[in-house]
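Trainee: Sharing a structure with you now.
Numbering (our numbering), first residue to last: 425 to 889.
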């Protein structure tokens with residue numbers, strides 16, 4: 425039986441919800457340590473877009489677990505001189521993907537393909553950036569178990585040069601789709617990339633993060649809805665101080681292991697770079713991917729300006745920047761200790777999707793060098809008697825922890841001198857003190873944690889049994 429804890433975007437999470445250090449939200453102070461971004465390790469090519477109905481402009485990938493527990497990958501096929509179509513692939517493990525023969529739509533006289541949607545009419549562009557999700561709203565009817573946003577026409581047109589808008593669609597199985605409304609539902613935006621929508625289980629509303637231009641910069645707006653039909657006027661996301669960057673896509677969603685935390689993986693576009701490297705290869709700009717996070721869905725942290733995903737050695741990933749290095753929307757847990765992240769490569773040639781891996785919750789760590797340092801958290805609620813760390817040390821490194829009350833006073837029996845140094849590499853390593861591992865009467869109370877570390881990385885903490 426598939427547990428809800430490993431479903432992307434679903435409501436339920438494990439009782440042992442991790443506290444991630446992807447930003448400064450849970451950190452009171454750091455001395456001698458720093459936040460370190462961890463990039464996914466590139467693995468195999470997951471899927472090639474080499475079928476006749478696909479082509480060099482295939483992209484805008486979405487990955488998810490479906491209602492039956494399998495993995496799915498949705499993407500756009502076609503483009504340039506051929507019609508754009510929405511396609512699907514399946515996988516049992518997130519590694520080997522297959523294109524099913526669905527027999528639903530004709531291409532070149534044959535229905536032997538994996539096309540699931542071709543759009544309702546020529547004047548709509550729904551398949552250009554068709555992005556579905558499995559609806560976790562407990563009130564969603566079975567016939568609308570899957571929902572999607574796609575590009576349509578504003579009706580009536582807003583202005584002569586702003587006729588594009590978002591329309592909503594639904595499906596009982598994610599394969600056969602119908603329109604939820606004949607009229608567009610969101611028309612304040614430019615929409616010309618992968619617009620995403622999802623159910624926010626914490627705030628109990630649908631959210632749509634959409635592409636819009638702001639002072640000549642590609643940026644992101646957000647609209648919300650209670651019924652997926654009537655939406656608020658889109659408002660700008662706040663990316664904080666510093667020079668704005670072109671976010672071509674946004675890939676924003678609640679993190680499935682802590683739905684109160686939004687993670688986003690925008691493709692960052694640098695249009696002014698027209699040549700690359702010592703060979704001065706001509707490009708139409710360059711692109712990579714970054715990581716952003718938010719605790720309220722509006723204000724996003726950009727602690728890391730360095731890339732989360734780099735173009736790499738292949739020269740094909742340094743041009744055609746409108747599609748290369750674009751992260752798929754969605755993260756899959758493909759093992760007890762492994763997350764899989766996917767991104768597009770070789771756009772403009774024979775595009776493909778690359779898989780990369782991170783350790784579970786391993787986006788960012790508190791990193792301590794060999795000479796050591798320490799970090800103290802803000803007050804956090806102790807929700808279980810055992811404190812578990814997602815951590816990694818060298819053979820010589822280690823981590824000790826002192827438990828403080830909310831005011832910062834050390835708790836008797838849980839001081840630094842009582843702490844037994846933890847070393848190794850574990851996803852859920854239990855901390856211990858001289859009197860054992862049980863935090864006892866602290867459960868249900870707000871506490872602070874002081875970590876003293878050397879040659880170590882701390883990714884997340886959880887409270888459990």
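Ideal placement from N, C-alpha and C gives every residue a C-beta, glycine not left out. All values reported here derive from a predicted model rather than from experimental measurement.
What does the alpha-carbon distance come out to for the pair residue 640 and residue 832?
Mentor: Translated into positions along the chain shown, residue 640 becomes position 216. Translated into positions along the chain shown, residue 832 becomes position 408. Rounded to the nearest angstrom, the two C-alpha atoms are 47 Å apart.
Trainee: To the nearest angstrom, how far is the alpha carbon of residue 881 from that of residue 791?
Mentor: For the purposes of this step, residue 881 is taken as residue 457 along the chain shown, with counting starting at 1. For the purposes of this step, residue 791 is taken as residue 367 along the chain shown, with counting starting at 1. The straight-line gap from Cα to Cα measures roughly 5 Å.
Trainee: Are residue 813 and residue 855 touching if we call contact CB-CB under 8 Å?
Mentor: Walking along the chain shown from the start, residue 813 turns up at place 389. Walking along the chain shown from the start, residue 855 turns up at place 431. Yes. Within cutoff.
Trainee: Per DSSP, which one or two residues make a beta bridge with residue 655?
Mentor: Translated into positions along the chain shown, residue 655 becomes position 231. 649.
Trainee: My assumption, with CB atoms under 8 Å, is that residue 470 sits in contact with residue 778. Please give the rounded CB distance.
Mentor: As a working note, residue 470 is residue 46 in the chain shown. As a working note, residue 778 is residue 354 in the chain shown. Yes, residue 470 and residue 778 are in contact; Cβ-Cβ is about 7 Å, under 8 Å.
Trainee: On a Cα-Cα basis, can you pick out the residue from 457, 549, 780 that is closest to residue 763?
Mentor: Translated into positions along the chain shown, residue 763 becomes position 339. Per the Cα distances, 780.
Trainee: Just curious, the beta strand (DSSP E) that residue 556 is in, first and last residue?
Mentor: As a position in the chain shown, residue 556 is number 132, starting the count at 1. First-last of the beta strand (DSSP E) with residue 556: 555–558.
Trainee: Could you say which of 676, 606, 596 lies nearest to residue 630 if we only look at CA atoms?
Mentor: If you number the chain shown from 1, residue 630 lands on position 206. Of the candidates 676, 606, 596, the one whose C-alpha sits nearest the C-alpha of residue 630 is 676.
Trainee: Are the CB atoms of residue 445 and residue 459 nearer to each other than 8 Å?
Mentor: Against the chain shown, residue 445 aligns to sequence position 21. Against the chain shown, residue 459 aligns to sequence position 35. Going by C-beta atoms, residue 445 is nearer than 8 Å to residue 459.
Trainee: Under the rule that 16 or more other beta-carbon atoms within 10 Å means buried, what is residue 841, buried or exposed?
Mentor: For this step, residue 841 is matched to residue 417 along the chain shown. With fewer than 16 Cβ atoms within 10 Å of its Cβ, residue 841 is classed as exposed.
Trainee: On the premise that residue 664 lies in contact with residue 725, defined as a C-beta separation below 8 Å, what is that separation, rounded to the nearest angstrom?
Mentor: Taking the chain shown and counting its residues from 1, the one referred to as residue 725 is at position 301. Taking the chain shown and counting its residues from 1, the one referred to as residue 664 is at position 240. That belief holds up - the Cβ atoms of residue 725 and residue 664 are roughly 7 Å apart, short of 8 Å.
Trainee: Quick one: is residue 753 buried, meaning 16 or more other Cβ sit within 10 Å of its Cβ, or exposed?
Mentor: As a first step, residue 753 must be located in the chain shown, where it is residue number 329. With 16 or more Cβ atoms within 10 Å of its Cβ, residue 753 is classed as buried.
Trainee: Looking at the strands, I want to know which residues DSSP matches up with residue 814.
Mentor: Locating residue 814 in the chain shown gives position 390, where the first residue counts as 1. According to DSSP, which records beta bridges pairwise, residue 814 is partnered with 884.
Trainee: Any idea if residue 584 is buried or exposed, counting beta-carbon neighbours within 10 angstroms, 16 or more meaning buried?
Mentor: Along the chain shown, one-based indexing puts residue 584 at 160. Note that residue 584 scores a pLDDT of 48, beneath 50, so its modelled location is shaky; the value from the coordinates is reported in the next line. It is exposed - the Cβ of residue 584 has fewer than 16 other Cβ atoms within 10 Å.
Trainee: Measure the beta-carbon distance from residue 747 to residue 479 and round it to whole angstroms, keeping in mind my assumption that it falls under 8 Å.
Mentor: Working through the chain shown from its first residue, we reach residue 747 at position 323. Working through the chain shown from its first residue, we reach residue 479 at position 55. That pair is no contact at about 12 Å.
Trainee: Check for me: the beta strand (DSSP E) holding residue 515 runs from which residue to which?
Mentor: Working through the chain shown from its first residue, we reach residue 515 at position 91. Looking at the DSSP string, the run of the beta strand (DSSP E) that includes residue 515 is 506–515.
Trainee: Roughly how far, in whole angstroms, is the beta-carbon of residue 862 from the beta-carbon of residue 810, given that I think they are within contact range, below 8 Å?
Mentor: Stepping through the chain shown from its first residue, residue 862 is reached at position 438. Stepping through the chain shown from its first residue, residue 810 is reached at position 386. Residue 862 to residue 810, Cβ: 7 Å. Contact.
Trainee: Tell me, please, which residues DSSP counts as bridged to residue 495.
Mentor: Locating residue 495 in the chain shown gives position 71, where the first residue counts as 1. In DSSP, residue 495 forms a bridge with 489, 515.
Trainee: In chain order, what residues of the same chain have a beta carbon less than 6 Å from the beta carbon of residue 535, not counting five sequence neighbours either side?
Mentor: Within the chain shown, numbered from 1, the residue matching residue 535 stands at position 111. Contacts found: 527.
Trainee: For residue 365, which of helix, strand or coil comes out of DSSP?
Mentor: What the structure shows of the chain is the stretch from 425 to 889, and residue 365 is not part of that stretch, so it cannot be assessed.
Trainee: Across which residues does DSSP place residue 458 in a beta bridge pair?
Mentor: Within the chain shown, the letter at position 34 stands for residue 458. Residue 458 pairs with 791.
Trainee: Report buried or exposed for residue 884, applying the criterion of at least 16 other Cβ atoms within 10 angstroms of its Cβ.
Mentor: In the chain shown, residue 884 corresponds to position 460, counting from 1. Per the 10 Å Cβ criterion, buried.
Trainee: Distance check for residue 787 and residue 626, CA to CA, integer angstroms please.
Mentor: Here residue 626 refers to the residue found at position 202 of the chain shown. Here residue 787 refers to the residue found at position 363 of the chain shown. The alpha-carbon atoms of residue 626 and residue 787 are separated by roughly 22 Å.
Trainee: Are at least three pairs of beta-carbons, each pair with one atom in the segment 506–513 and one in the segment 547–559, less than 8 Å apart?
Mentor: The segment 506–513 vs the segment 547–559: in contact.
Trainee: Since residue 692 sits in a beta bridge, which residues does DSSP pair it with?
Mentor: The residue labelled residue 692 in the question sits at position 268 within the chain shown. The partner list for residue 692 (beta bridge, DSSP) reads 671, 712.
Trainee: DSSP on residue 566, reduced to helix/strand/coil?
Mentor: Position 142 of the chain shown, counted from the first residue, corresponds to residue 566. Of the three classes helix, strand and coil, the one that applies to residue 566 here is helix, per DSSP.
Trainee: Give the secondary structure of residue 746 by DSSP, where H, G and I count as helix, E and B as strand, and everything else as coil.
Mentor: If you number the chain shown from 1, residue 746 lands on position 322. Reduced to three states, the DSSP call for residue 746 is coil.
Trainee: Since residue 539 contacts residue 477 with CB under 8 Å, what's their CB separation in whole angstroms?
Mentor: Position 115 of the chain shown, counted from the start, is the residue given in the question as residue 539. Position 53 of the chain shown, counted from the start, is the residue given in the question as residue 477. At roughly 6 Å, the Cβ-Cβ gap stays under 8 Å, so residue 539 and residue 477 are in contact.
Trainee: For residue 449, which of 887, 727, 571, 795 has the nearest alpha-carbon?
Mentor: In the chain shown, the residue the question calls residue 449 occupies position 25. Nearest option by C-alpha distance: 727.
Trainee: Tell me where the beta strand (DSSP E) around residue 608 begins and ends.
Mentor: Along the chain shown, read from residue 1 onward, the residue named residue 608 stands at position 184. Taken as a continuous stretch (DSSP letters only), residue 608 belongs to no beta strand (DSSP E), as it is neither H nor E.
Trainee: Verify whether the separation of the beta carbon atoms of residue 642 and residue 635 is less than 8 Å.
Mentor: Start at 1 with the first residue of the chain shown, and residue 642 comes out as number 218. Start at 1 with the first residue of the chain shown, and residue 635 comes out as number 211. A contact, by the Cβ cut-off of 8 Å.
Trainee: Using 8 Å as the cut-off, can you tell me whether the segment 665–674 makes contact with the segment 696–703, which would need three or more C-beta pairs spanning the two stretches below that distance?
Mentor: No, the segment 665–674 does not touch the segment 696–703.
Trainee: Does the segment 512–529 touch the segment 560–580, meaning 3 or more C-beta pairs lie closer than 8 Å?
Mentor: Result no; under three Cβ-Cβ pairs closer than 8 Å.
Trainee: Given residue 602, which residues of its chain have a CB within under 8 Å of its CB, disregarding the five upstream and five downstream residues?
Mentor: In the chain shown, counting from the first residue as 1, residue 602 sits at position 178. Excluding positions up to five away in sequence, the list reads 593, 594, 595.
Trainee: In angstroms, rounded to a whole number, what distance separates the CA positions of residue 497 and residue 488?
Mentor: Walking along the chain shown from the start, residue 497 turns up at place 73. Walking along the chain shown from the start, residue 488 turns up at place 64. Their Cα atoms are separated by approximately 7 Å.
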